[in-house]
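Contents: one structure, followed by commentary.
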């Protein structure tokens, strides 16, 4: 077994409205950051796991995302393993 570090970035699908992102954008504008034109809020997870190889680690993290970390109806995700 080898130890792997996984980074998971979760964002709303493009077709889903992002009220949190809109609120952040409005706050940026009120602070004078008029050059900001769009904000999409998301989640970031970092986890450490043991697996036989990088492919097994990737598959295991995907399973974690599909079962708990991500709502596949409205969210999408990217995984980075190192």
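Numbering (my numbering), first residue to last: 5 to 86.
Heads up, the beta-carbon is just placed ideally off N, CA and C, and yes, glycines get one too.
On a predicted model such as this, the values are computed, not experimentally measured, just so you know.
The Cβ atoms of residue 73 and residue 20 lie no closer than 8 Å to each other. As DSSP reads the structure, residue 63 sits in no beta bridge. With a cutoff of 8 Å on beta-carbon distance, residue 50 and residue 85 are scored as not near each other. The three-state reading of DSSP puts residue 36 in coil, since its state is none of H, G, I, E or B.
The beta carbon of residue 5 is closer than 8 Å to those of 54, 55 and 56 in its chain, skipping five residues each way along the sequence.
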